[in-house]
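Engineer: First to last, the protein sequences are chains A and B.
Per this note's numbering, the very first residue in the first sequence carries number 171; after that it's consecutive.
Per this note's numbering, the very first residue in the second sequence carries number 3; after that it's consecutive.
Even for Gly, the Cβ is constructed at its ideal location relative to N, Cα and C.
A single structure is presented below for examination.
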Amino acid sequence: MDLERLAGVVSAARARIEAASDLADLAAAESETLGRRSEIAVARRGIGRLAPDRRRQVGRAINEAVGVLTAAVEDRRSALRAEAENALLEQDRVDLTLPYGRPARGTHHLLTRTMEDVCDVFRAIGYEVAEGPELELAWYNFDALNTPPTHPSRFESDTMYLEAFDGRERSGPDELLLRTQTSPMQARFMEKNPPPVYVVVPGRVFRTDTWDATHSPVFHQIEGLAVDSDITFGDLKGTLAHFAREFFGASARTRFVPHFFPFTEPSAEMLVWFNGQWLEMLGCGMVDPNVFEAVGYDPEEVTGFAFGMGVERLAMVRHGITDIRHFYDSDLRVLGQFR
Amino acid sequence: MKVPIGWLADFIDLPTRDPHELERILVSLGHEVEGIEEYGPSFEGVVVGRVEEVGPHPDADRIRFCRVDDGTVTRDVVCGAWNFEAGAVIAYARPGSRLGAATDEPLEVGSRKIRGIVSHGMIASARELGLGDDHDGILVLDELGAATEHDLGRPLEEVIGLGDVVLDVSITTNRGDCMGIRGLARELAAYWQVPLRDISPSFPTGPEASAFEVSISDPEACPRFVAHQVDGVRIGPSPLWMQLRLLAIGQRPISNVVDVSNYVMWELGHPIHTFDADAISGGQVILRRAEEGERLETLDGVERPLAAGDIVVTDPSGPIALAGVMGGASTEVVPTTTSVLVEAANWHPPSILATSWRLGLRSEASARFERGVDPNLSALATARTVELVALTSGGVPRSQAVDCYPIPRMPWTVDLTAHNVSRLLGPVPSFGDALSLLDRLGFGIDRDGRSARVTVPTHRADVTRPADLVEEVARLHGYDRFPDLVRHGRQGSLTPEQLAVRRLREALVGAGLTEAQTLSFIGQDDLDALGLPLRDPRRVTIRVKNPLREEEAILRTTLLPGLMGAVSRNVARGLKSVRLFETGRVFTARDDPEDPRIPFQPVHLAMVLSGSGVDVFAATGLIDLLARVTDRKLDLRQESLPGLHPGRAAVVKCDAADIGMVGELHPAAARKFGLEGRVAVAEMDLGPLVSGSPTWMLEDVSAYPPMVFDLAFVLADTVPAARLLEVVEESASRHLESLELFDEFRGGSIPDAHRSLAVRITLRAMDHTISDEEAAPIGRGIAAAVADRLGGVLRGSM
């Protein structure tokens with residue numbers, strides 16, 4: 171085969187390969203162009219019969235031709251495979267906007283979240299979190315907190331008491347009640363831990379309040395207590411102002427005004443400027459010396475501040491909720507909005 | 003307490019009358035201002051007029067024809083009132099004036115024909131002018147000392163001084179001294195450093211001394227009793243200026259004597275009572291505690307049983323007033339009263355509190371006595387009342403008051419050191435500044451270097467200790483002026499238990515459950531609905547003594563009723579799929595092991611799932627999730643449990659302890675809560691689930707390939723799947739990496755009451771590839787153990 175003819179064969183073979191319509195046709199084309207009976211194979215087998223000077227020249231040309239055609243077959247094979255796969259994938263097309271495979275997810279209760287948020291603000295500045303019993307002794311709920319025995323907050327119109335249940339006589343400081351505030355944990359915590367104390371106490375509290383948009387017989391509070399050798403009124407203000415900024419946003423402004431609580435002296439109320447008005451947000455004050463005495467701390471050795479805030483109120487203010495009953499009705503249309 | 007700004011100005015020269023500025027100052031002093039109201043005329047264009055002529059109406063008996071001079075012209079007016087004659091100075095609503103601006107029916111006054119005569123406008127009554135309820139006659143201004151003929155034609159509101167701004171101030175329970183205008187004025191005087199213009203009552207007296215003898219049998223109940231008799235009293239209306247002030251604070255004018263009592267109470271913060279002196283028998287007043295069984299008809303006409311702790315004013319016939327709470331009907335000042343006994347007494351605050359709450363009689367007087375009234379104010383309050391009674395009723399006071407004050411309250415002292423102040427407030431204000439602040443508030447100061455003896459005025463019963471003085475210093479210094487210092491604590495990490503609870507909630511929310519918070523109260527019906535047998539520990543409950551409702555009278559022993567109620571409300575609202583959980587305390591009647599003085603109140607976790615596709619495995623799957631989240635081993639011991647489907651219930655075990663239960667609600671119980679279909683529930687004690695586990699350590703992983711093979715066994719139905727897995731695990735080699743039960747099959751060649759369970763076993767060694775040869779005897783060992791211990795037969799071959 172002369173070289174001119176070879177060029178023609180290669181050109182035709184190449185066209186055949188590139189025209190292969192699918193993988194089977196390509197296999198046929200490969201066999202036709204490079205197989206044992208192909209013109210090139212035949213020519214290769216005839217090389218030995220050529221004159222030595224021609225032999226090298228033709229041999230090289232045929233090898234080149236085989237290489238070119240083999241590469242052409244491989245290219246075509248890749249192309250056909252890709253085409254075939256693409257056709258399959260095209261058949262595999264789905265509508266991704268179909269709502270399949272979505273993992274279920276519930277929501278946390280907003281009160282739980284709010285309590286975690288508040289606790290986390292204080293944890294970030296080194297306050298631990300503690301919880302206390304909901305059925306509490308009058309001693310911790312009232313007496314240890316410097317509340318006089320005749321104070322109206324002790325009346326059944328405010329505080330829920332219990333019927334006798336185990337034959338034990340309980341009266342005075344030993345009487346059991348549903349705690350009306352998280353403050354009793356102040357006394358419990360100090361009894362168990364020597365100063366310094368830095369703690370916040372989230373929890374459920376109870377009052378004899380009938381349901382309306384802002385009252386619920388069950389609600390939640392977070393108590394805070396800091397006791398050390400050198401705490402002043404400025405520490406109280408700054409710490410709570412810090413809390414307000416963390417909770418309501420960096421621009422939250424606070425104002426402290428005098429108030430009265432039996433267990434703090436001086437006492438204050440913190441107002442927060444939110445949505446264009448001053449809102450009463452929490453009660454606070456310097457721990458009354460009588461409280462320190464009740465728990466066995468020396469009021470000459472330590473000072474401290476305490477505060478208590480309503481969780482429902484915090485959540486209602488921050489999230490524009492106007493009816494406290496939403497928290498306890500468990501309506502999934504409401505719970506589902508908590509996030 | 004309602005505080006008209008004009009009334010404050012009686013006592014101090016106000017640097018400002020801007021209500022918002024006054025609000026800011028009062029709030030900064032600890033007196034919350036709950037509202038600011040304008041108190042002004044509800045009429046327009048009404049002027050002072052004089053009746054020139056009055057005569058009968060030619061065509062009507064019950065109305066009269068008048069000629070009224072408004073200072074410019076004299077016009078015809080027809081009037082239905084008979085309480086005036088010619089010459090009376092009256093409120094003339096001219097044509098074009100308006101009445102009742104604030105009411106539903108404002109009236110435009112015009113000229114109209116009444117029985118044939120054109121009436122040009124009208125002569126107005128107090129009620130038509132919005133100045134009280136009196137509608138028996140017209141408002142006769144000169145009789146009330148409110149206007150004279152020199153005022154003709156002037157706007158009525160200007161002449162009678164109508165128009166003030168009223169602050170509604172909330173006084174904290176420790177500040178009884180601020181329950182009067184004078185007390186608040188004293189606060190403002192200290193703030194502005196201006197003098198308080200105090201009152202000094204004076205009045206002419208008659209020659210006779212008081213006929214009453216007063217004795218106090220219980221000085222704790224009644225520390226002081228001051229009484230002053232005024233004779234020759236004519237009961238009638240009080241002067242208009244007084245009526246207007248009472249109207250401004252929301253008190254209805256009644257009569258001169260009653261109005262004066264209210265006025266003085268508001269002015270001085272000291273409640274006053276007045277008796278009809280002639281109705282007190284025996285000339286004797288005795289102050290004592292009531293005896294059980296005594297009764298008293300109070301002013302409101304209700305006969306009330308008295309309790310032993312009540313304090314009563316008595317005469318020899320028995321109780322005549324319930325001290326500090328309400329007067330008695332028999333000695334009430336009535337229109338025919340001519341002799342009045344004015345009383346300013348001091349009562350034991352806790353007793354007044356107890357009585358007023360017990361009887362549900364909360365009054366302005368009881369609110370003051372509850373907070374405590376300074377007994378040293380009683381004489382001034384009596385004198386002020388007597389002065390005003392004499393002035394407004396023409397009465398003549400007796401020569402002197404009867405004052406029974408067995409143990410006078412003397413000012414006391416509190417020693418204050420510079421350290422007391424600085425340890426609570428910091429370096430500012432200095433001790434010197436602190437003392438001058440106290441001085442401004444009326445405390446007496448006797449300084450000796452770094453300490454001072456502070457004398458407390460007797461109206462400040464709330465101040466007994468250095469801390470109380472420090473609060474006064476801080477208050478007047480201004481809370482806003484203290485620095486803001488952020489106080490850092492020591493350690494803010496959560497305990498392992500707290501962290502575990504958070505992760506557990508996170509996992510449940512991630513698994514599609516929504517957290518609920520339900521009430522801590524349940525009703526007996528809830529326990530019945532759950533189908534709990536009588537001896538079930540959840541029926542050992544504690545009842546609330548004063549519940550709001552019977553359905554909420556019991557402290558919950560289980561979270562399920564609350565959650566079931568929540569599910570059923572949601573289903574009733576049309577939601578199909580409801581999956582809720584709650585963590586919260588339940589209440590047992592057992593002692594808390596850590597504090598036996600209180601009942602044990604463990605925190606429970608409960609879940610309720612309802613909706614299509616829900617069955618018991620929805621709940622058991624969550625138990626498995628909890629085990630993985632908390633790194634605890636939780637096992638199920640299937641058994642029949644109260645309230646649950648007998649074939650679909652199990653006790654949840656954590657380590658060796660039973661901590662709760664899981665199952666499907668018994669259909670009967672579900673129906674009680676209004677639910678159809680399967681309801682999966684679980685409830686357990688959270689404590690053991692989250693109790694601290696040591697920090698976990700990483701186990702090394704192998705670089706060699708696994709050997710995986712499946713085994714299927716035919717087992718009796720009585721063998722729980724968990725038991726098969728236990729046996730396989732125990733009998734597999736130490737190379738067991740994982741074990742999975744992947745198929746349950748019944749029927750075909752499997753005998754009745756049997757099933758095939760298939761497990762996939764994955765072996766992997768740390769140091770070599772496990773070959774078939776090594777795996778074969780392990781498989782045979784497992785098969786032998788299952789056959790031996792569970793009677794299981796291996797199906798097919800490995």
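When you compare the CB positions of Y265(B) and V168(B), do they come within less than 8 Å of one another, or not?
Structural biologist: Residue numbering aside, residue 265(B) sits at position 263 when the second sequence is read from its first letter. Residue numbering aside, residue 168(B) sits at position 166 when the second sequence is read from its first letter. No, the Cβ-Cβ distance between Y265(B) and V168(B) is not below 8 Å.
Engineer: Roughly how many angstroms lie between the CA atoms of L379(B) and H272(B), to the nearest whole one?
Structural biologist: Within the second sequence, the letter at position 377 stands for residue 379(B). Within the second sequence, the letter at position 270 stands for residue 272(B). So the alpha carbons of these two residues sit roughly 7 Å apart.
Engineer: Which runs of the beta strand (DSSP E) spanning at least 3 residues fall entirely within the segment 702-737 of chain B, listed in chain order?
Structural biologist: You should have 709-718.
Engineer: How would you call P17(B), buried or exposed, if buried means at least 16 neighbouring beta carbons within 10 angstroms?
Structural biologist: Translated into positions along the second sequence, residue 17(B) becomes position 15. Exposed, by the Cβ-count rule.
Engineer: Taking the C-alpha atoms as reference points, what is the distance between F444(A) and P549(B)?
Structural biologist: Here residue 444(A) refers to the residue found at position 274 when the first sequence is read from its first residue. Here residue 549(B) refers to the residue found at position 547 when the second sequence is read from its first residue. The alpha-carbon atoms of F444(A) and P549(B) are separated by roughly 36 Å.
Engineer: Nearest chain A C-beta to Y193(B) closer than 8 Å, yes or no?
Structural biologist: Here the question's residue 193(B) lines up with position 191 in the second sequence. For Y193(B), the answer is no, since every Cβ of chain A falls outside 8 Å of its Cβ.
Engineer: Closer than 8 Å by beta-carbon distance: list the chain B residues that pair up with E253(A), in chain order.
Structural biologist: Taking the first sequence and counting its residues from 1, the one referred to as residue 253(A) is at position 83. Residues of chain B passing the Cβ test: none, with the nearest at roughly 36 Å.
Engineer: Closer than 8 Å, CB to CB, is H412(A) near chain B or not?
Structural biologist: Here residue 412(A) refers to the residue found at position 242 when the first sequence is read from its first residue. Judged by the 8 Å Cβ criterion, H412(A) is in contact with chain B.
Engineer: By the DSSP assignment, the beta strand (DSSP E) with E482(A) in it spans what residues?
Structural biologist: Locating residue 482(A) in the first sequence gives position 312, counting from the first residue. No beta strand (DSSP E) contains E482(A), which is instead part of the alpha helix (DSSP H) from 481-489.
Engineer: One question on the structure: do L643(B) and M663(B) come within less than 8 Å of each other, judged by their Cβ atoms?
Structural biologist: Within the second sequence, the letter at position 641 stands for residue 643(B). Within the second sequence, the letter at position 661 stands for residue 663(B). The answer is yes: Cβ separation under 8 Å.
Engineer: Exposed or buried, P753(B), counting other C-beta atoms within 10 Å across all chains shown (16 or more means buried)?
Structural biologist: Along the second sequence, one-based indexing puts residue 753(B) at 751. So P753(B) ends up on the exposed side.
Engineer: Between D170(B), I354(B), T316(B), which has its C-alpha nearest E215(B)'s C-alpha?
Structural biologist: Along the second sequence, one-based indexing puts residue 215(B) at 213. Nearest option by C-alpha distance: T316(B).
Engineer: Quick one: using the 10 Å Cβ neighbour count with 16 as the cut-off for buried, is E474(B) buried or exposed?
Structural biologist: Within the second sequence, numbered from 1, the residue matching residue 474(B) stands at position 472. E474(B) comes out buried.
Engineer: Please say whether T350(A) and W329(A) have beta carbons closer to each other than 8 Å?
Structural biologist: As a working mapping, residue 329(A) is identified with position 159 in the first sequence. As a working mapping, residue 350(A) is identified with position 180 in the first sequence. Checking the sequence, you will find Thr at residue 329(A) rather than Trp. For T329(A) and T350(A), yes; Cβs fall inside 8 Å.
Engineer: Between S733(B), G689(B), A682(B), which has its C-alpha nearest D660(B)'s C-alpha?
Structural biologist: To locate residue 660(B), count along the second sequence from 1; it is residue 658. The option with the nearest alpha carbon to D660(B) is G689(B).
Engineer: Hey, would you say E326(A) sits closer than 8 Å to T378(A), going by beta carbons?
Structural biologist: As a first step, residue 326(A) is located in the first sequence; it is residue number 156 there, counting from the start. As a first step, residue 378(A) is located in the first sequence; it is residue number 208 there, counting from the start. Yes.
Engineer: Hey, quick one: how far does the alpha helix (DSSP H) through I447(B) stretch, first residue to last?
Structural biologist: Position 445 of the second sequence, counted from the start, is the residue given in the question as residue 447(B). Counting along the chain, I447(B) falls outside any alpha helix (DSSP H), though it belongs to the beta strand (DSSP E) covering 446-450.
Engineer: With distances taken from CA atoms, which of S421(A), R503(A), R175(A), Y467(A) is nearest G576(B)?
Structural biologist: By 1-based counting over the second sequence, the position of residue 576(B) is 574. Considering only alpha carbons, the answer is R503(A).
Engineer: Among the residues of its own chain, which have a CB less than 6 Å from the CB of A346(B), if the five just before and after it don't count?
Structural biologist: Here residue 346(B) refers to the residue found at position 344 when the second sequence is read from its first residue. For A346(B), where only same-chain residues beyond five positions count, the Cβ hits under 6 Å are V228, H272, I274, S380, A383, T384.
Engineer: Is the segment 411-425 of chain B close to the segment 455-472 of chain B, with three or more CB pairs under 8 Å?
Structural biologist: Judged by Cβ distances under 8 Å, the segment 411-425 of chain B makes contact with the segment 455-472 of chain B, as three or more pairs qualify.
Engineer: Sort out for me which residues DSSP pairs Y368(A) with in a bridge.
Structural biologist: Position 198 of the first sequence, counting from 1, holds the residue named residue 368(A). Bridge partners of Y368(A): A396(A).
Engineer: M800(B) by DSSP, collapsed to three states: which one?
Structural biologist: Taking the second sequence and counting its residues from 1, the one referred to as residue 800(B) is at position 798. For M800(B), the predicted model reports a pLDDT of 39, less than 50, meaning its position is unreliable; a value from the coordinates is still stated below. Residue state, collapsed to three classes: coil.
Engineer: Please specify which runs of the beta strand (DSSP E), each continuous and at least 3 residues long, are wholly inside the segment 245-302 of chain B, giving them in chain order.
Structural biologist: With a minimum length of 3 residues, the continuous beta strand (DSSP E) runs that stay inside the segment 245-302 of chain B are 275-278, 286-291, 297-299.
Engineer: Does DSSP put L532(B) in a helix, in a strand, or in coil?
Structural biologist: Taking the first residue of the second sequence as position 1, residue 532(B) is located at position 530. Looking at L532(B) - three-state DSSP - the assignment turns out to be coil, as it is neither helix nor strand.
Engineer: How many whole angstroms separate the CB atoms of Y310(A) and V388(A), which I take to be in contact at a CB cut-off of 8 Å?
Structural biologist: For this step, residue 310(A) is matched to residue 140 along the first sequence. For this step, residue 388(A) is matched to residue 218 along the first sequence. Wrong, their Cβ atoms sit about 19 Å apart, outside the cutoff.
Engineer: Between S799(B) and the rest of its own chain, which residues show a CB-CB distance below 6 Å, the 5 nearest in sequence each way excluded?
Structural biologist: If you number the second sequence from 1, residue 799(B) lands on position 797. Because S799(B) carries a pLDDT of 49, less than 50, the predicted location of this residue cannot be relied on, and the following value inherits that uncertainty. Cβ neighbours of S799(B) beyond the five flanking positions: none.
Engineer: Would you mind listing the beta strand (DSSP E) stretches within the segment 118-194 of chain B that are 3+ residues and don't spill past its ends, in chain order?
Structural biologist: Listed in chain order, they are 119-122, 166-172.
Engineer: Show which residues of chain B have a CB atom less than 7 Å away from the CB atom of M456(A).
Structural biologist: Indexing the first sequence from 1 puts residue 456(A) at position 286. Going along chain B in sequence order, the residues near M456(A) (Cβ under 7 Å) are L426.
Engineer: Assign A241(A) to one of two classes, buried (16 or more other C-beta atoms within 10 Å of its C-beta) or exposed (fewer than that).
Structural biologist: For the purposes of this step, residue 241(A) is identified with residue 71 of the first sequence, where counting begins at 1. Answer is exposed; the Cβ neighbour count stays below 16.
Engineer: Check the DSSP bridge columns for E55(B) and list the partner residues they point to.
Structural biologist: Taking the first residue of the second sequence as 1, we reach residue 55(B) at position 53. Partner(s): R69(B).
Engineer: When DSSP builds the beta bridges, which residues end up paired with A436(B)?
Structural biologist: Here residue 436(B) corresponds to residue number 434 of the second sequence, with the count starting at 1. Answer is none; A436(B) lacks a bridge partner.
Engineer: Grab the span of the beta strand (DSSP E) containing N348(B) for me, first residue to last.
Structural biologist: Walking along the second sequence from the start, residue 348(B) turns up at place 346. Here the beta strand (DSSP E) through N348(B) covers 342-348.
Engineer: DSSP state of T203(A), grouped into three classes?
Structural biologist: Here residue 203(A) refers to the residue found at position 33 of the first sequence. Correct three-state label for T203(A): helix.
Engineer: Against chain A, with Cβ distances strictly below 8 Å, would L361(B) count as a contact?
Structural biologist: Within the second sequence, residue 361(B) is the residue found at index 359, counting from 1. So no, L361(B) is outside the interface.
Engineer: Distance, Cα to Cα, L258(A) vs Q519(B)?
Structural biologist: Counted from its first residue, the first sequence places residue 258(A) at position 88. Counted from its first residue, the second sequence places residue 519(B) at position 517. L258(A) and Q519(B): Cα-Cα distance of roughly 52 Å.
Engineer: Please say whether D135(B) and R26(B) have beta carbons closer to each other than 8 Å?
Structural biologist: Counted from its first residue, the second sequence places residue 26(B) at position 24. Counted from its first residue, the second sequence places residue 135(B) at position 133. No, Cβ-Cβ distance for R26(B) and D135(B) is not below 8 Å.
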